[in-house]
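Taking this note's numbering, the leading residue of the sequence shown gets 221, the next gets one more, and so forth.
Reading through the structure tokens given below for one structure.
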Amino acid sequence: MNAGRTVSTDAPLLVVDNLRKSFGAHEVLKGVSLSVKPSQVIGLLGRSGSGKSTLLRCLNMLEVPSGGRILLEGEEIGFETTSGGRRRPLSASRLALQRASMSMVFQHFNLWPHRTVLGNVVEGPVQVLGMAREEAEALGLDLLARVGLRDKADSYPIRLSGGQQQRVAIARALAMRPKIMLFDEPTSALDPELVGEVLQVMLDLAKSGTTMVVVTHEMSFARNACDEVVLLEGGQIVERGAPDYVMTQSENPRARQFFASQR
Ligand code: ADP
Ligand code: MG
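If you want it as structure tokens, here you go:
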């Protein structure tokens with residue numbers, strides 16, 4: 221559980237306010253509101269097709285929302301207000317910086333095959349943040365140690381197992397020094413015996429105070445690592461709260477049905 225880790229009562233780090241997203245006539249997110257405090261770990265649960273990935277992708281503007289707002293430390297993601305009071309899309313360079321502050325880990329890790337493990341981790345800080353290469357490498361080695369792969373720094377991804385590659389992808393995401401880490405089913409593409417090592421790294425991050433939003437089907441992880449779980453159905457939040465409450469005590473029929481199907 222979260223013993224030893226205190227969740228700050230500070231102002232929210234991330235606020236999602238009435239977020240909507242349609243693809244053509246298909247409304248996939250129907251007004252989702254959410255707030256994430258510093259060091260909080262939120263689990264995003266729901267059936268396939270409920271809109272979990274779309275929600276995460278809207279958070280860092282991989283998808284442009286159709287309505288609503290997303291604020292990171294009070295600053296709107298993707299838009300700025302002109303001195304004349306007009307709201308307009310941010311320039312590409314400012315958007316890139318905002319995106320970097322919310323690192324995403326995907327189901328398919330897509331490491332660059334022709335770069336070493338360390339090369340994969342340092343590329344973002346050097347190219348996007350303009351960090352000096354030596355500094356990025358020192359940071360990269362620290363982060364590889366954190367995911368238990370310091371000794372693989374000079375290996376190429378193809379030499380690594382899927383679980384190790386996903387741990388490199390987590391180190392790569394951390395190297396951007398994000399304010400928040402977004403995970404989209406990071407263990408779903410892995411062989412079952414490799415899932416545990418990745419979840420352990422995520423649990424360590426959670427315990428050390430990393431702010432995280434995690435889409436997962438791993439119910440024990442949701443229960444052990446999350447401060448709050450949110451159940452999405454048909455593009456709406458149908459239940460939310462402490463994991464134990466939502467997963468075992470909620471009277472909400474949709475929640476009961478969903479969690480019964482996960483056992
Ligand atoms: P989840 O991650 O919960 O499985 P998604 O967010 O991937 O759900 O998808 C929610 C719904 O949005 C699905 O019906 C899906 O087909 C639709 N959808 C997702 N992305 C697109 C897209 N780029 N174009 C059209 N429809 C999409
Ligand atoms: Mg998905």
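The beta carbon of each residue, even a glycine, is placed where N, CA and C say it ideally should be.
Enclosing beta strand (DSSP E) for residue i [first to last residue]
{"i": "E247", "result": "246-256"}
{"i": "M401", "result": "400-404"}
{"i": "A360", "result": "Correcting the residue type first, residue 360 is Gly in the shown sequence and not Ala. Element bounds for G360: not the beta strand (DSSP E) but the alpha helix (DSSP H), 353-366."}
Three-state secondary structure (DSSP) of residue i
{"i": "N238", "result": "strand"}
{"i": "P192", "result": "What the structure shows of the chain is the stretch from 221 to 483, and residue 192 is not part of that stretch, so it cannot be assessed."}
{"i": "I290", "result": "strand"}
{"i": "E343", "result": "helix"}
{"i": "E417", "result": "helix"}
{"i": "M281", "result": "coil"}
{"i": "G224", "result": "Model confidence at G224 stands at a pLDDT of 48, short of 50, so the residue's coordinates are unreliable and nothing is read from them."}
{"i": "I390", "result": "helix"}
{"i": "P412", "result": "helix"}
9 Å Cβ cutoff met for residue i and residue j
{"i": "T436", "j": "L265", "result": "yes"}
{"i": "V466", "j": "I262", "result": "no"}
{"i": "G287", "j": "K241", "result": "yes"}
{"i": "D411", "j": "R443", "result": "no"}
{"i": "C278", "j": "L234", "result": "no"}
{"i": "E300", "j": "R314", "result": "yes"}
{"i": "Q260", "j": "M432", "result": "yes"}
{"i": "K399", "j": "M322", "result": "yes"}
{"i": "V342", "j": "L402", "result": "no"}
Paired residues, beta bridge with residue i - DSSP
{"i": "R397", "result": "BP columns for R397 are empty, so no partner."}
{"i": "S323", "result": "M401"}
{"i": "T301", "result": "R307"}
{"i": "V449", "result": "G263, G461"}
{"i": "V433", "result": "I262, L402"}
{"i": "Q456", "result": "E453"}
{"i": "F243", "result": "H246"}
Enclosing alpha helix (DSSP H) for residue i [first to last residue]
{"i": "F479", "result": "473-481"}
{"i": "M439", "result": "439-445"}
is_contact[residue i, chain C] using C-beta, thresh 9 Å
{"i": "F299", "result": "The chain inventory of the structure shown lacks chain C, comprising one protein chain alone."}
Heavy atom of the ligand GDP within 8 Å of residue i beta-carbon
{"i": "S408", "result": "Annotation note on the ligand GDP: not contained in the displayed structure, which lists the ligand ADP and the ligand MG as its ligands."}
Between the segment 289-296 and the segment 349-368, can you find at least three pairs of beta-carbon atoms closer than 8 Å? Short answer: they don't touch.
Does the count of Cβ pairs from the segment 379-397 and the segment 416-424 closer than 8 Å reach three? With a cut-off of 8 Å, the segment 416-424 and the segment 379-397 count as touching, because enough Cβ pairs lie within range.
Validate contact between the segment 248-255 and the segment 446-460 using beta carbons, cut 8 Å, 3 pairs: Taking one beta carbon from each stretch, the segment 248-255 and the segment 446-460 have 3 or more pairs nearer than 8 Å; the two touch.
With three or more beta-carbon pairs closer than 8 Å as the criterion, would you say the segment 264-279 touches the segment 444-452? Taking 8 Å as the limit for Cβ pairs, the verdict is that the segment 444-452 does touch the segment 264-279.
State whether the segment 343-353 contacts the segment 361-378, with contact taken as three or more CB pairs (one from each stretch) at a distance under 8 Å. The segment 343-353 vs the segment 361-378: no contact.
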